[in-house]
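Participant: One structure, as structure tokens, below. Some questions next.
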Amino acid sequence: MVDLIIIGGGPAGLTAGLYATRGGLKDVIMFEKGMPGGAITQSSEVENYPGYCEPVTGMELMECWPKQAMRFGLRHEMKEVSRVVRECDGTFTIQLADGSQERGKAVIVATGTTPKKAGFEGEEEFFGRGVSTCATCDGFFYKDQEVAVLGGGDTALEEALYLAKIASKVYLIHRRESFRAAPSTVERVKKNPKIELILNATVKRAYGDEMGLQGVIIEQEGREIDLKVPGLFVFVGSIVNTQVLKQEDGGYLCELNERGEIVVDLKMRTSVPGLYGCGDVRADSARQVVCAAGDGATAAVDVIHYIEKIGELKPC
Ligand code: FAD
Ligand code: NAP
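Mapping of the sequence shown onto the numbering used here: residues 9 to 324, in sequence order.
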């Protein structure tokens, strides 16, 4: 039985691991299904993390976080968690996708979010073959070619700006006239001569052949436009990763809000003692790296008190 199990190795999970181990917890495991770093490693430009005078890539920002946390004893296991179950003595069993299990006195869920699909015809078929959700990963394939971006939030606009540095032209397709993104980002997009806005428009269909995407059919105010682009970047929001809390009976281990986010208090405590939610997965998150890191620290500090308080475990 370990003291603490952290699920997710993004900014929230890594900071929780740093504070928990540096704060004296002896046995802390972080399960991260991929490489630690989280969603921000997909970002080509971060300019709002405090302490950095110049923009950095998400990869650069996160480079030292795992190393720093592991210096104080955080154990990272590259495994996917399937489910968190609460036992009758108040401890938790973590079921892993490989069939193994781990027991912990407390659990921090820091599983973040996953990019949403837009739902147009051909999106699945050409995913990874022209349709992408990561400009940093795939942008370079379209050097000096025309590409399209779908979405009107911060991610879509920031990644359109990034792609404009590589591609010969970027078509930004958005279903409304106004944008959700920060006004300063909208201004930069509007001023960029390589970005053409296609507003009040949706992608109806992606088409291509066995080599990959050749274009997209767009519907704009009743007419169809055939945009011949080999790359379409879809940034239409995200799904909250709370699957690990789903129980055998179909219910969730703790309270979620109407958007499926984990409801927490100011100490990141969920409705279940010993279970915490941090970062993008929790309700009312500002969905920023700095906030996720803050949540991780807040939760870890409370976990230390919680473990002290429960003392020796009572049998069921
Ligand atoms: P995440 O970073 O999403 O980490 C969650 C981790 O949990 C992932 O690594 C995932 O693999 C893991 N995981 C999920 N499920 C399981 C499971 N079942 N088992 C094991 N591991 C699991 N924020 C800013 O502050 N500034 C920016 O400029 C900015 N730009 C962004 C640009 C892009 C393209 C994107 C996508 C996001 C951007 N954000 C930005 C938002 C920022 O990335 C997030 O707010 C932040 O990463 C949230 O951290 P987190 O630790 O809560 O979750
Ligand atoms: P988002 O803010 O939810 O925006 C999603 C966009 O996609 C919206 O413009 C939406 O249109 C559009 N959309 C949704 N479904 C669609 C569909 N099926 N077809 C076409 N368009 C569709 O998502 P996000 O941009 O990924 O941002 C998520 C969070 O991370 C936000 O809180 C954001 O502020 C944060 N973030 C911050 C930064 C930063 O601080 N620099 C960078 C990236 C992300 P409507 O507008 O019409 O709904």
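Quick reminder that beta carbons are idealized off the backbone N, C-alpha and C, glycines included.
As the structure is a prediction and not an experimental result, all values here were calculated from the model.
(1) Please report how far the alpha carbon of methionine 70 lies from the alpha carbon of glycine 285, in whole angstroms.
(2) Would arginine 267 be called buried (16 or more neighbouring beta carbons within 10 Å of its own) or exposed?
(3) When DSSP labels each residue in this structure, what does serine 90 get in the three-state scheme?
(4) Quickly, what does DSSP pair threonine 101 with across the bridge? List them, please.
(5) Would glutamate 109 and threonine 101 be called neighbours here (beta carbons separated by less than 7 Å)?
(6) Once the 5 residues before and after serine 192 are set aside, which same chain residues still bring their CB inside 6 Å of it?
(7) Compare the Cα-Cα distances from glycine 138 to each of Gly302, Lys125, Arg213 and Val237 and report the closest residue.
(8) What are the uninterrupted segments assigned as beta strand (DSSP E) that are 3 or more residues long and contained completely in the segment 217-305, given in chain order?
(9) When you compare the segment 311-318 with the segment 141-152, are there three or more beta-carbon pairs, one atom per stretch, that lie closer than 8 Å?
(10) Curious, which full-length alpha helix (DSSP H) runs of at least 4 residues does the segment 16-94 contain?
(11) Within 10 angstroms of the Cβ of lysine 322, are there 16 or more other Cβ atoms? Answer buried if so, exposed if not.
(12) Reducing DSSP to helix, strand and coil, say where aspartate 106 ends up.
(13) Please report the residue range of the beta strand (DSSP E) in which glutamate 154 lies.
(14) Reducing DSSP to helix, strand and coil, say where serine 176 ends up.
(15) Counting C-beta neighbours from all protein chains within 10 Å, is the total for phenylalanine 39 16 or more, i.e. buried, or is it exposed?
(16) Smallest Cα separation from glutamate 204: which of Glu185, Glu218, Gly46 and Ile181?
(17) Does the Cβ-Cβ distance between glycine 46 and glycine 120 come in under 7 Å?
(18) Looking only at its chain, what residues have a beta carbon closer than 7 Å to the beta carbon of threonine 306, apart from the 5 residues adjacent to it on each side?
(19) Whole angstroms are fine: how far does the CA of glycine 18 sit from the CA of glutamine 222?
(20) Got a sec? Which residues, its chain only, sit under 6 Å from methionine 9 by beta carbon, not counting five neighbours each side?
(21) For leucine 205, which three-state DSSP category applies?
(22) My output table needs one value for lysine 124: the three-state DSSP class, helix, strand or coil.
(23) Does DSSP put phenylalanine 149 in a helix, a strand or coil?
(24) Report all residues from its chain with a CB closer than 8 Å to the CB of serine 176; omit the five preceding and five following residues, and keep chain order.
(25) Would you check if the segment 75-83 and the segment 47-61 touch, i.e. whether three or more CB-CB distances between them fall below 8 Å?
(26) From the DSSP output, which residues share a beta bridge with valine 139?
(27) Give me, in chain order, the residues of the same chain whose beta-carbon lies closer than 7 Å to that of lysine 124; leave out the 5 immediate sequence neighbours on both sides.
Facilitator: In brief:
(1) 21 Å
(2) exposed
(3) strand
(4) Val93 and Arg111
(5) The question names glutamate, yet the displayed sequence has glutamine at residue 109. Yes, the pair counts as a contact, with Cβ atoms nearer than the cut-off.
(6) none
(7) Val237
(8) 220-228, 231-235, 239-242, 246-248 and 283-285
(9) no
(10) 19-30, 66-70 and 73-79
(11) exposed
(12) coil
(13) 154-158
(14) coil
(15) buried
(16) Ile181
(17) yes
(18) Lys275 and Met276
(19) 35 Å
(20) Arg111
(21) strand
(22) coil
(23) helix
(24) Asp152, Gln153, Glu154 and Lys202
(25) no
(26) Phe135 and Leu240
(27) Val244, Gly245, Ser246 and Ile247
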